[in-house]
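J.:
2 protein chains.
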Amino acid sequence: MKAVDARGFFSSANALEFEDYLLLDYVFECQGDPELAAAHLCSEQSTAQWKRVNVSEDYRPRFAAKVLSLDTQACPSGFSSPVVELGDGEVYRCKVRIAHPHANFGPRLPNLLSAVLGEGAFFAPGIPLIKLLDIQFPDSFLSAFQGPRFGIQGLRERLQVENRPIFFGVIKPNIGLPPEPFAELGYQAWTGGLDIAKDDEMLADVQWSPLAERARLLGAARMRAEQETGVPKIYLANITDELDRLIDLHDTAVAAGAGAVMLNAWPMGLSAARMLSAYTKVPMVAHFPVIAGMSRLPFFGVHTRVMTKLQRLAGFDVIIMPGFGARMMTPAAEVQACIDACLDPTFGNIKPSLPVPGGSDSAATLEAVYNLVGSADFGFVPGRGVFSHPQGPAAGARSLHQAWAAISAGVPMAEAAKDRPELKAALETFG
Amino acid sequence: MKAVDARGFFSSANALEFEDYLLLDYVFECQGDPELAAAHLCSEQSTAQWKRVNVSEDYRPRFAAKVLSLDTQACPSGFSSPVVELGDGEVYRCKVRIAHPHANFGPRLPNLLSAVLGEGAFFAPGIPLIKLLDIQFPDSFLSAFQGPRFGIQGLRERLQVENRPIFFGVIKPNIGLPPEPFAELGYQAWTGGLDIAKDDEMLADVQWSPLAERARLLGAARMRAEQETGVPKIYLANITDELDRLIDLHDTAVAAGAGAVMLNAWPMGLSAARMLSAYTKVPMVAHFPVIAGMSRLPFFGVHTRVMTKLQRLAGFDVIIMPGFGARMMTPAAEVQACIDACLDPTFGNIKPSLPVPGGSDSAATLEAVYNLVGSADFGFVPGRGVFSHPQGPAAGARSLHQAWAAISAGVPMAEAAKDRPELKAALETFG
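So the sequence lines, in the order shown, correspond to chains A and B.
Residue numbering for the first sequence follows my numbering, beginning at 33 and increasing consecutively.
Residue numbering for the second sequence follows my numbering, beginning at 33 and increasing consecutively.
#1: Identify, in the order they occur along the chain, each residue of the same chain with its Cβ nearer than 6 Å to the Cβ of A/Ala247, setting aside the five sequence neighbours on each side.
#2: Which chain A residues sit within Cβ distance under 8 Å of B/Glu245?
#3: Let's test the definition: count the other Cβ atoms within 10 Å of the Cβ of A/Glu151 and tell me whether it reaches 16, buried, or not, exposed.
#4: Going along the chain, which residues of its own chain have a beta-carbon closer than 7 Å to the beta-carbon of A/Glu212, five neighbours each way excluded?
#5: When Cβ atoms are compared, which residues of the stretch 127-151 of chain B fall closer than 7 Å to chain A?
#6: Give a yes or no on whether 9 Å exceeds the smallest Cβ distance from B/Glu61 to chain A.
#7: Any idea what DSSP makes of A/Phe91, helix, strand or coil?
#8: Do you know whose CA, among B/Ala435, B/Asp37, B/Met307, B/Ser407, lies nearest B/Ile371's CA?
#9: Is the CB of A/Gln434 under 9 Å away from at least one CB in chain B?
#10: In chain B, which residues lie less than 9 Å from A/Trp82 when you measure between Cβ atoms?
#11: I'd like the ranges of any alpha helix (DSSP H) spanning at least 4 consecutive residues and lying wholly in the stretch 187-232 of chain B.
#12: Among the residues of its own chain, which have a CB less than 6 Å from the CB of B/Ser172, if the five just before and after it don't count?
#13: Determine the chain B residues that contact A/Gln239 at a beta-carbon separation under 8 Å, and present them in chain order.
#14: Using a Cβ cut-off of 9 Å (strictly closer), state whether A/Leu455 contacts chain B.
#15: Looking only at its own chain, which residues have a Cβ that is under 7 Å from the Cβ of B/Cys74, when we skip the five neighbours before and after it?
#16: Helix, strand or coil: which one does DSSP assign to A/His132?
#17: Could you tell me how far apart the beta carbons of B/Ala305 and B/Pro354 are, in whole angstroms, since I believe they sit closer than 8 Å?
#18: Any beta carbon of chain A sitting closer than 9 Å to that of B/Asp227?
#19: I'd like the ranges of any alpha helix (DSSP H) spanning at least 4 consecutive residues and lying wholly in the stretch 56-129 of chain B.
#20: Run down chain A in chain order and give the residues with a C-beta less than 9 Å from the C-beta of B/Ser78.
#21: Can you round the beta-carbon distance between A/Ile159 and A/Cys62 to whole angstroms, since I take them to be within the 8 Å contact cut?
#22: Measure the alpha-carbon distance for A/Val401 versus A/Glu460 and round it to whole angstroms.
#23: My understanding is that B/Asp273 touches B/Ala236, with C-beta atoms under 8 Å, so please give their C-beta distance in whole angstroms.
#24: Does DSSP put A/Gly3 in a helix, in a strand, or in coil?
#25: How is the beta strand (DSSP E) around B/Met316 delimited, first residue to last?
#26: Considering only the alpha carbon of each residue, which of A/Lys127, A/Leu55, A/Asn206, A/Leu329 lies closest to A/Ala147?
#27: For the alpha helix (DSSP H) containing A/Ala26, name the first residue and the last one.
#28: Can you give me, in chain order, the residues of the stretch 37-63 of chain B that have a beta carbon less than 9 Å from any beta carbon in chain A?
#29: Under the three-state reduction of DSSP, which class applies to B/Lys163: helix, strand or coil?
#30: So with Cβ pairs under 9 Å, would you call A/Asp276 a contact of chain B?
#31: Please work out which residues of its chain come closer than 6 Å, Cβ to Cβ, to B/Lys456, disregarding the five sequence neighbours upstream and downstream, and give them in chain order.
#32: With a Cβ-Cβ cutoff of 9 Å, do A/Pro205 and A/Phe419 count as a contact?
#33: Taking only beta-carbon atoms, is B/Leu329 less than 9 Å away from chain A?
#34: Can you list, in chain order, the residues of its chain whose CB lies under 8 Å from that of A/Gly208, leaving out five sequence neighbours each side?
#35: Of the residues that make up the stretch 342-371 of chain A, which ones have a beta carbon closer than 8 Å to any beta carbon in chain B?
Below is the structure:
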């Protein structure tokens with residue numbers, strides 16, 4: 033691209049009508065002129081050819097993505113990850129803000145992904161490494177999305193749980209365990225105070241645990257637990273499967289007593305979630321497989337904040353995400369950014385999604401997670417912390433309530449554990 | 033995990049019935065004991081808990097993923113990409129082959145992805161960097177998939193094209209260009225000899241170019257071109273959109289005269305493709321946005337070979353992929369591996385997909401691509417090389433045939449160009 037042509041991909045912010053644009057923040061590492069690289073980045077994601085041969089026209093004013101700002105920093109030690117040889121030239125790391133006209137593709141998630149994470153982003157000349165850090169959506173774009181049907185408040189009403197985190201538990205073991213003992217574990221955890229007993233995200237509709245049978249047994253166990261405890265419970269069924277079975281599986285699970293359904297968001301596709309959200313009458317929960325494969329590195333891929341916003345747009349009432357602590361290899365600031373993306377009140381008229389930062393949790397980690405989240409509006413999702421509790425799943429669930437009571441009363445956890453054997457055992461086993 | 037428990041995630045190859053397992057090849061970088069890391073990798077992707085508390089049972093023999101081989105190499109200079117601090121300890125780069133029991137989830141693409149690229153891969157303790165390099169599928173798994181309906185031979189029959197590459201062209205400009213001039217460009221290219229005129233992968237069903245109108249005009253232009261040239265032509269419509277519109281858009285486009293449909297495979301989800309493949313009566317083409325965001329780095333994410341195999345499994349008759357040359361920042365060996373994955377005759381009963389390695393192609397690059405592919409069984413997909421040809425799109429298409437005639441006759445390209453003005457101009461403009 034000639035320098036004179038590159039200028040067509042730059043704009044001052046006040047020359048634009050912001051309702052017509054998505055604001056995209058990328059960090060990229062380039063070799064050669066950063067301004068030219070940024071122009072390529074805009075060109076490739078919008079009007080790579082902006083005119084016909086021998087025709088006097090220019091589609092850039094209306095259709096081009098445009099650089100609004102560009103911060104450049106030299107990287108004398110080269111690229112942050114190994115990349116193919118591009119030739120000689122200085123390496124720079126740049127932060128760029130781009131205004132992308134959303135009428136180029138409209139309020140459609142697959143087309144949005146194709147524009148902002150497609151050939152434009154990953155094959156812009158001179159830019160082997162790039163990460164999409166954030167998208168800001170104008171109301172004109174957001175208003176086309178329904179978002180979560182229930183949101184946090186809707187889920188709280190279904191569970192009659194206010195002013196505390198919602199206690200999920202991943203029934204374990206799961207791969208290999210037949211439906212009957214699986215349901216028995218769920219039952220025990222519910223009687224101990226668990227709100228939502230859930231399938232693992234790898235548990236499918238398989239021969240050794242058909243979803244119809246699993247849901248029937250879990251549905252019955254749930255009703256028993258509700259009758260005994262007097263409070264509503266939810267069985268969260270993983271209905272991740274081939275798309276042509278999705279509605280059938282959903283109907284089967286819900287009819288049998290699943291009070292919520294889980295989709296592995298990225299393997300199913302965000303559009304499958306958006307479709308199901310318009311159909312289902314129960315809360316919809318996202319799990320996170322595959323996403324880390326394009327979000328972990330600081331200077332390549334896509335930030336989980338973006339993925340969280342897209343999952344909220346797609347209609348997930350609950351978003352399970354890699355949580356705090358070394359186990360999940362995710363910086364605390366990144367987890368916080370995803371929680372914020374779930375809760376942000378300035379996201380059009382779209383309800384908040386319940387954030388569920390997860391990973392090796394138990395009564396021993398509840399206080400730290402609560403302090404990091406900064407409110408009780410989150411889900412807490414132990415697996416072993418409930419189901420490998422040495423006194424059994426009911427005791428595991430009870431230990432969560434005991435930990436929360438201690439937090440609420442301002443009593444040190446070790447102090448509270450003294451006369452609460454379930455909490456004591458949880459701290460000893462998992463602490 | 034204790035060392036004694038880790039042994040349950042290792043096996044010798046001859047102890048296994050291979051029809052029951054997928055073979056997964058990963059490369060990972062770990063800190064600390066590589067054997068323990070490999071055991072975690074297996075455990076986390078299968079039976080993380082293999083028994084209930086206080087129950088004597090072990091789900092590992094049947095359900096555990098198992099290490100078959102592990103090659104370890106010290107990395108004294110540390111990790112190849114920046115990762116979160118894991119602590120002290122030697123860094124190793126390891127190649128591991130894992131046997132994963134596919135009955136854990138069954139022949140379902142979203143569940144397969146969740147198992148092999150999920151929490152198991154990206155959150156195994158001690159392994160911040162990992163890349164899935166390959167999957168080998170036994171016939172017992174492949175037999176559940178239909179694969180491409182048409183495959184290469186079916187597409188050749190529709191086009192009546194044998195013994196040469198199939199000539200695609202991306203109509204340009206596209207973002208911003210209204211349907212009428214867009215169809216006129218397609219018409220011109222067809223009359224010059226293009227086989228398939230296609231929508232750009234970013235071109236959606238938008239207000240300034242509604243797919244119904246675009247397909248109607250392209251369908252009419254195609255018929256005109258077929259009548260004039262006497263050979264079949266295809267308009268390839270991009271029907272990437274929200275899932276709940278997919279079938280309607282497909283039907284609209286095909287009824288209006290689209291002879292093939294394109295999906296952006298990863299943004300739509302592979303399962304959407306598998307569903308559409310069972311429904312459509314026209315060839316289905318995959319485009320590659322987003323994939324590079326998890327495949328570019330040598331030691332993180334997933335190899336495009338895997339993505340190509342999955343797209344073939346999902347039923348794509350044609351797979352457009354980043355091609356040869358510096359422009360696409362993809363090593364030639366990787367492109368070759370993807371082409372091989374399309375053509376591999378030992379892939380159950382699944383038909384081959386036509387590989388289309390693309391990126392800044394023209395008559396000037398045809399010979400090099402042909403030599404690298406090693407056969408004529410590929411698609412060639414210029415954009416500018418046809419539609420920015422200085423003598424117009426018909427001349428651009430003609431230049432491809434002239435280049436192919438020269439290759440077939442063993443005439444040097446520069447020689448052939450002497451009395452072929454379209455080829456001459458293509459070499460001068462794009463060479």
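Even glycine gets a Cβ: it sits at the ideal position worked out from N, Cα and C.
Quick caveat, the model's predicted, so the values are computed rather than measured.
T.: Taking the structure as given:
#1: Taking the first sequence and counting its residues from 1, the one referred to as residue 247 of chain A is at position 215. Excluding residues within five positions, the ones whose Cβ falls inside 6 Å are Ala269, Ala285, Ala288, Ala290.
#2: To locate residue 245 of chain B, count along the second sequence from 1; it is residue 213. Ordered by position in chain A, no residue passes the 8 Å Cβ test against B/Glu245, which lies about 15 Å from the chain.
#3: Against the first sequence, residue 151 of chain A aligns to sequence position 119. When all chains shown are included, A/Glu151 counts as buried.
#4: For the purposes of this step, residue 212 of chain A is identified with residue 180 of the first sequence, where counting begins at 1. Leu249.
#5: Ala135, Asn136, Phe137, Gly138, Arg140, Leu141, Pro142, Asn143, Leu145, Ser146, Ala147, Leu149, Gly150, Glu151
#6: To locate residue 61 of chain B, count along the second sequence from 1; it is residue 29. No, because no Cβ of chain A sits closer than 9 Å to the Cβ of B/Glu61.
#7: Position 59 of the first sequence holds residue 91 of chain A. A quick correction: the sequence has Tyr, not Phe, at residue 91 of chain A. Here A/Tyr91 sits in coil by DSSP.
#8: On the second sequence, residue 371 of chain B is found 339 positions in, with the first residue counted as 1. The shortest C-alpha separation from B/Ile371 is found at B/Ser407.
#9: Along the first sequence, read from residue 1 onward, the residue named residue 434 of chain A stands at position 402. No, its Cβ sits nowhere closer than 9 Å to a Cβ of chain B.
#10: Within the first sequence, residue 82 of chain A is the residue found at index 50, counting from 1. Simply Pro205, Ile207, Gly208.
#11: 211-223
#12: Locating residue 172 of chain B in the second sequence gives position 140, counting from the first residue. Around B/Ser172: Glu51.
#13: In the first sequence, residue 239 of chain A corresponds to position 207, counting from 1. Those are Ala135, Gly138, listed as they occur along chain B.
#14: Working through the first sequence from its first residue, we reach residue 455 of chain A at position 423. No - not a single Cβ of chain B is within 9 Å of the one on A/Leu455.
#15: Along the second sequence, read from residue 1 onward, the residue named residue 74 of chain B stands at position 42. Once the five neighbours on either side are set aside, the close Cβ partners of B/Cys74 are Phe41, Ala96, Ala97, Lys98, Val99, Ile130.
#16: For the purposes of this step, residue 132 of chain A is taken as the residue at position 100 of the first sequence. Looking at A/His132 - three-state DSSP - the assignment turns out to be strand.
#17: In the second sequence, the residue the question calls residue 305 of chain B occupies position 273. In the second sequence, the residue the question calls residue 354 of chain B occupies position 322. With a Cβ gap of about 19 Å, B/Ala305 and B/Pro354 do not count as contacting.
#18: Stepping through the second sequence from its first residue, residue 227 of chain B is reached at position 195. Not an interface residue.
#19: 66-76, 92-95
#20: Sequence index remark: in the second sequence, residue 78 of chain B carries index 46 (1-based). By Cβ distance, chain A contributes Ile207, Gly208, Met234.
#21: Numbered from its first residue, the first sequence carries residue 159 of chain A at position 127. Numbered from its first residue, the first sequence carries residue 62 of chain A at position 30. Right, the Cβ-Cβ distance comes to about 5 Å (below 8 Å), so this counts as a contact.
#22: Taking the first residue of the first sequence as position 1, residue 401 of chain A is located at position 369. Taking the first residue of the first sequence as position 1, residue 460 of chain A is located at position 428. When rounded, the distance between both Cα atoms is 18 Å.
#23: Taking the second sequence and counting its residues from 1, one reaches residue 273 of chain B at position 241. Taking the second sequence and counting its residues from 1, one reaches residue 236 of chain B at position 204. Yes, they are in contact, since the Cβ atoms of B/Asp273 and B/Ala236 sit about 6 Å apart, within 8 Å.
#24: Nothing can be reported for residue 3 of chain A, as the shown portion of chain A is limited to 33 through 463.
#25: Along the second sequence, one-based indexing puts residue 316 of chain B at 284. Per DSSP, B/Met316 belongs to the beta strand (DSSP E) from 316-319.
#26: As a first step, residue 147 of chain A is located in the first sequence; it is residue number 115 there, counting from the start. Closest option to A/Ala147, Cα to Cα, is A/Leu55.
#27: Any property of residue 26 of chain A remains undetermined from this structure, which presents chain A solely from 33 to 463.
#28: none
#29: Residue 163 of chain B sits at position 131 when you count from the first residue of the second sequence. Note: B/Lys163 maps to strand in three-state DSSP.
#30: The residue given as residue 276 of chain A occupies position 244 in the first sequence. For A/Asp276, the answer is yes, since a Cβ of chain B falls inside 9 Å of its Cβ.
#31: Position 424 of the second sequence, counted from the first residue, corresponds to residue 456 of chain B. Result list for B/Lys456: Ala449, in chain order.
#32: To locate residue 205 of chain A, count along the first sequence from 1; it is residue 173. To locate residue 419 of chain A, count along the first sequence from 1; it is residue 387. In this structure, A/Phe419 lies closer than 9 Å to A/Pro205 by Cβ.
#33: Your numbering for residue 329 of chain B matches position 297 in the second sequence. It does: the Cβ of B/Leu329 has a partner Cβ on chain A nearer than 9 Å.
#34: Mapped onto the first sequence, residue 208 of chain A falls at position 176. The answer, listed in chain order, is Trp240.
#35: Pro354, Ala358, Arg359, Met360, Met361, Thr362, Pro363
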